[in-house]
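Numbering-wise, my numbering puts 466 at position 453 of the sequence shown, and it's gapless, one number per residue. Each residue gets a CB set at the ideal place from its N, CA and C atoms; glycine is no exception. Quick caveat: nothing in here was measured; it's all calculated off a predicted structure.
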Amino acid sequence: MGDGMNKFIYRSGLWLGFLFLSLNSYAERNLEKLINNHQSQFEDIALKIWDYAEVGYQEYKSSDLLKRKLSEEGFAIKSNIANIPTAFVAEYGEGLPVIAILGEFDALPGVAQSSSPFRESYKDNAAGHACGHHLFGAGSAWASVAIKEWLIANNQKGTIRFYGTPAEEGGSGKVYMAREGIFNDVDVILHWHPGSVSHASPRTSNSNKSAKFSFKGISAHAASAPHKGRSALDGVESMNMMVNMMREHVPQESRIHYVITKGGLAPNVIPDDAEVYYYVRHPKRQMVEKLFDRVVKAAEGAALGTETDMTFEVMHGNYSLMPNDTLQKVMQEKLVNLGGITYSQEEREYAQKIHETLLNPSAEIGDQENILPYKLRHGYGSTDVGDVSWLVPTAGARIATWVPGTSAHSWQAVAAGGTSIGLKGLKLAVQVLSETAKEIYLNPSIASAAKKELAREVGMDFNYVPLLGDREPPLDYRN
Numbered sequence: 014m015g016d017g018m019n020k021f022i023y024r025s026g027l028w029l030g031f032l033f034l035s036l037n038s039y040a041e042r043n044l045e046k047l048i049n050n051h052q053s054q055f056e057d058i059a060l061k062i063w064d065y066a067e068v069g070y071q072e073y074k075s076s077d078l079l080k081r082k083l084s085e086e087g088f089a090i091k092s093n094i095a096n097i098p099t100a101f102v103a104e105y106g107e108g109l110p111v112i113a114i115l116g117e118f119d120a121l122p123g124v125a126q127s128s129s130p131f132r133e134s135y136k137d138n139a140a141g142h143a144c145g146h147h148l149f150g151a152g153s154a155w156a157s158v159a160i161k162e163w164l165i166a167n168n169q170k171g172t173i174r175f176y177g178t179p180a181e182e183g184g185s186g187k188v189y190m191a192r193e194g195i196f197n198d199v200d201v202i203l204h205w206h207p208g209s210v211s212h213a214s215p216r217t218s219n220s221n222k223s224a225k226f227s228f229k230g231i232s233a234h235a236a237s238a239p240h241k242g243r244s245a246l247d248g249v250e251s252m253n254m255m256v257n258m259m260r261e262h263v264p265q266e267s268r269i270h271y272v273i274t275k276g277g278l279a280p281n282v283i284p285d286d287a288e289v290y291y292y293v294r295h296p297k298r299q300m301v302e303k304l305f306d307r308v309v310k311a312a313e314g315a316a317l318g319t320e321t322d323m324t325f326e327v328m329h330g331n332y333s334l335m336p337n338d339t340l341q342k343v344m345q346e347k348l349v350n351l352g353g354i355t356y357s358q359e360e361r362e363y364a365q366k367i368h369e370t371l372l373n374p375s376a377e378i379g380d381q382e383n384i385l386p387y388k389l390r391h392g393y394g395s396t397d398v399g400d401v402s403w404l405v406p407t408a409g410a411r412i413a414t415w416v417p418g419t420s421a422h423s424w425q426a427v428a429a430g431g432t433s434i435g436l437k438g439l440k441l442a443v444q445v446l447s448e449t450a451k452e453i454y455l456n457p458s459i460a461s462a463a464k465k466e467l468a469r470e471v472g473m474d475f476n477y478v479p480l481l482g483d484r485e486p487p488l489d490y491r492n
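Below, the structure written as structure tokens:
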């Protein structure tokens, strides 16, 4: 073989080797591949958290599972944040910008934990992931790992943090974290939430304040000595009657709802201990405060009229969401580019069975394939992400992990969230979060513009004061 041919083979080998290394390097730098590399692991984590179904501030197994995984992936872990045992922060990287991704993992009491397309009964004290927080927590952690690997592969400066935030459902875990200044050095916060359709529009929500009102009376025999007793339940029912009359005289955007959590055990015993749990909501926190004060007055009047004693304990309080158009436009663009979710034939048949159980569904099967148009939206629920969004520029997406038309806090949401339908939405959320973070790392001016927008919207006189005051986290509120 001649020298010319040897040189050709040698050069060809070098070229092929260079091509192989280049392609391999590209594969390592490619964010989609990094996401795919961890898919089976985090799908398994999501379904384990779904099985755990732990309620607020009791998510020990869920929190530990996420901490272990993130620690294995090289994240530095700080636990027991804001004196909450299940709250934690996982961090990787150095330098700016600091991008935080929120993750929740609490379930809701009173729903069956089943993936059946038909409603099943639940046992006492049962809980289920009726808001999809098992997907929320696992997906946000998954995105954090993929972003970490992208930063390394591209020698990119920046810090990625995962915030494990417990007890979103009525426990306001993030509010206590915000009160402690845990988010103070963060540049941008990203989050997502399960839903029945997909969009990344700017979104507002209702501010919220809740309390448990406890009435104390005097027990007596309800038949032979009723005059010797004072019914604590009468106090609760009188309060409820007055608040229900008050509904006629509140702004129409308001929401007030309650459950009686104690009411006595035997009809022939005048109850000396009764309790009612109230939520008060309105888009503006200032109005929430005013409405809450009126509810307290109703409780005081009820106690006076029934000769019982009343005390109340504020349980949680949330600000409304502060939308950030700068960040949301980036996130919406990434979501539109990725597209919606397509069901397999088996998934479509399952979805049809779920859809037939829905009362007045707001969407139809097939709507999960589309991305809703970009516009300002308002949700009548509340979230502790609201407080965070007044302190740090925040963007979030709604992703279709449920059958279109499904309401949050329903057994149908539990069911779909434990199937491949939920897992498909999970991956789309990870892609949206990861691509949005990547764009911000490559273009830090986005974070700067988002900060300017937030400063303009909250105003120079804004001073953060939590609606729940200075109380300690109610770690036993679900007991």
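Looking at His240, Ala413 and Leu455, the one whose alpha-carbon comes closest to that of His206 is Ala413. If the five residues before and after Thr274 are omitted, its C-beta is found closer than 8 Å to the C-beta atoms of Lys225, Glu288, Val289 and Tyr290, all from its own chain and listed in chain order.
The C-beta distance from Ser227 to Met323 rounds to 7 Å, short enough to fall under 8 Å. Within the segment 312-363, the complete beta strand (DSSP E) segments of 3 residues or longer fall at 322-331, listed in chain order. Annotated as distal: Gly430 and His204, with beta-carbon spacing of 8 Å or more. Here the alpha carbon of Val293 sits roughly 14 Å from the alpha carbon of Gly184.
At least 8 Å separates the beta-carbon of Tyr490 from that of Gly150.
Boundaries of the alpha helix (DSSP H) around Thr449: Ser433 to Leu455. Per DSSP, reduced to three states, the secondary structure at Trp415 is coil, with no helix or strand assignment. In the DSSP assignment, the residues bridged to His270 are Tyr292.
The alpha helix (DSSP H) runs lying completely inside the segment 390-414 and spanning 4 residues or more are 398-402, given in chain order. Ile202 carries a strand assignment under DSSP once its states are collapsed to helix, strand and coil. About 12 Å separates the beta carbon of Gly177 from that of Ser84, a gap too long to meet the 8 Å contact definition. By the Cβ-count criterion, His212 is buried, with 16 or more other Cβ atoms from all chains shown falling within 10 Å of its own Cβ.
Looking at the DSSP output, Glu67 shares a beta bridge with no other residue.
Assignment of beta-bridge partners to Asp286 by DSSP yields Lys229.
In this structure, Gly353 is the residue among Gly353, Ala463, Lys465 and Ile453 with its C-alpha nearest to the C-alpha of Trp415. Assignment of Asn221 by DSSP, reduced to helix, strand and coil, places it in the strand class. Under DSSP, His422 forms no beta bridge with any residue. Ala233 places its beta carbon less than 8 Å from that of Lys241.
Phe101: member of the beta strand (DSSP E) spanning Phe101 to Glu107, first to last residue.
Under the 10 Å beta carbon count, Ala238 is surrounded by fewer than 16 other beta carbons and is classified as exposed. Ile459 and Leu340 have their C-alpha atoms spaced approximately 7 Å apart. Between the segment 394-412 and the segment 87-104, the count of C-beta pairs closer than 8 Å stays below three; the two stretches do not touch. In summary, Asn219 is buried, with 16 or more beta-carbon neighbours lying within 10 Å of its beta-carbon over all protein chains present. For Ser153, the enclosing alpha helix (DSSP H) stretches over residues His146 to Ala166.
Selection Phe88, Arg192 and Ile58 evaluated against Val401 yields Arg192 as nearest (Cα-Cα).
Relative to Leu47, the option among Ala426, Ala113, Ala159 and Phe475 whose CA is nearest is Ala159. Collapsing the DSSP output to three states places Ser92 in a strand. Bridge pairing for His142: absent [DSSP].
Within its own chain, the residues whose Cβ lies closer than 7 Å to the Cβ of Ile62, once the five positions on either side in sequence are excluded, are Ser75, Leu78, Phe118, His147, Gly150 and Ala151, listed in chain order. For Ala468, the enclosing alpha helix (DSSP H) covers residues Ser458 to Val471.
In the structure shown, the three-state DSSP call for Lys388 is coil. Ser209 is not a Cβ neighbour of Gly230, given a cutoff of 8 Å. The shortest CA-to-CA distance from Lys82 to any of Gln71, Phe101, Ala66 and Asp64 is the one to Phe101.
The beta carbons of Asn492 and Ala408 sit no closer together than 8 Å.
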